[in-house]
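The sequence shown begins at 88 in my numbering and counts up one residue at a time.
From the three backbone atoms N, C-alpha and C, an ideal C-beta is built for every residue, glycine too.
Just so it is clear, the structure is predicted and the values come from calculations on it, not from any experiment.
To keep things clear, I will list the structure first and then write my remarks on it.
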Amino acid sequence: MAILITGATGYIGSKLTCKLANEGNTIHILCRTPPSLPGFNRSNIKVFAGDITSVESLKPALEKVNQVYHLAAYARLWAKDAGIFHKLNVGGTEKILNAAKRAGAQKVVYTSTAGVIGPSKDHPMRETDPRITGFFNLYESTKSESEKVALAYAEQGLQVCILNPSRIYGPGFDTGSNPITKIIELYVKGKWKIIPGSGNDIGSYPYIDDVVDGHIAAMQKGRSGERYILGGVNVTFNELIATIKKYSGIEKKLKHIPFPFLKMISRLMLLNANITGKYPMMTPDWVDKYKYDWALDSSKAIQELGYKIRSLDDGIAETVEWVKKNRM
């Protein structure tokens, strides 16, 4: 039997694909074009042409598959055609789950986002806590919709569990969905110069290898119909930057940029994107998110899946070393 991984060329997906293949599993991946990633050129990784919106391309990819990791999504700040968020994140998830059910797959692990759970206030957020704000962007809202689709299939008998990773960082190529690693790289290169607002907003920062291991554990132990937060160490942005400074050996004063100024700049960037199609470095939605704390409680994943959280010191030290060896 085989394992199907959608989004196999993404940040989490590429690491997950290589790890499962290295363990001797037969991996099916669904791609529009053949991937040229390191570690993918091996006999037990089989590439199927297509994507998650095509029912016809899903059928051969699911043949003799008993496990499905569904990671494919439109995980960006902006799209010229806003409809792509719903098409890929909701429609694509429905097609994958329906095809998996018809093919007789035993279990699906669906990768959502901690952005669905929302910001925190009095305590780190848990899976069952009610959201305290509205959604900030189409990515969050469509991923929330797709979770409802996944839970509906779980109620129909398909074994599905949902994972909610947060601000992942660590070694890996730039996919646009690992901005923390990009910040580390830019700082080491002397190109990161700002701190949004006061820098006292809290985020949850998990290391990429821990998140990959969390996916594999969820396939083995995750309960159907349940969500699991895959968070990390809860620290402020200032503390994150201080740790990057510590292990890079580079001490550089950064400018605190007030949110109103960032909001104005982001509006201009969004306007330019809508006119020219050039992807914006930030959007007003992105700025608004940094006004809140995003602390998370991963105790459910720790207790039920054996999920482990690497210390920020160890994770940043390893990432800085990787950047210096591979990105300088």
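Closest Cα partner of residue i within the set the options
i, options, result
"Val155", "Thr120, Asn176, Asn251 and Leu103", "Leu103"
"Lys333", "Lys412, Ser141 and Gly402", "Gly402"
"Asn321", "Ser291, Tyr315 and Leu327", "Ser291"
"Arg119", "Gly126, Gly137 and Asn131", "Gly137"
"Ile204", "Lys340, Arg314 and Lys350", "Arg314"
"Leu349", "Leu250, Gly364, Ile337 and Met368", "Met368"
"Phe324", "Pro258, Ile389, Lys194 and Arg254", "Arg254"
"Pro258", "Thr96, Asn413, Gln193 and Ser231", "Asn413"
"Pro217", "Lys208, Val236, Pro345 and Glu391", "Lys208"
"Asn265", "Ile295, Glu242 and Cys248", "Ile295"
"Leu184", "Lys151, Ala241, Asp168 and Arg163", "Ala241"
"Asp288", "Glu234, Ala239 and His343", "His343"
Secondary structure of residue i, DSSP reduced to three states
i, result
"Gln307", "helix"
"Arg213", "coil"
"Asn128", "coil"
"Pro347", "helix"
"Gln390", "helix"
"Pro283", "strand"
"Ser253", "coil"
"Tyr161", "coil"
"Thr370", "coil"
"Asp401", "helix"
Identity of the residues DSSP links to residue i by a beta bridge
i, result
"Lys269", "Partner(s): none; Lys269 has no beta bridge."
"Thr323", "Ile289"
"Gln154", "Ile90 and Lys194"
"Gln246", "Lys194"
"Leu317", "Pro252"
"Lys133", "His115"
Exposure label - residue i; buried when at least 16 CB within 10 Å
i, result
"Glu272", "buried"
"Pro121", "exposed"
"Gly178", "buried"
"Ile92", "buried"
"Met306", "buried"
"Ser123", "exposed"
Integer Cβ distance of residue i from residue j, believed to fall under 8 angstroms
i, j, result
"Leu117", "Ala148", "5 angstroms"
"Ser311", "Gln246", "5 angstroms"
"Asp400", "Pro211", "Not a contact, Cβ separation roughly 20 angstroms."
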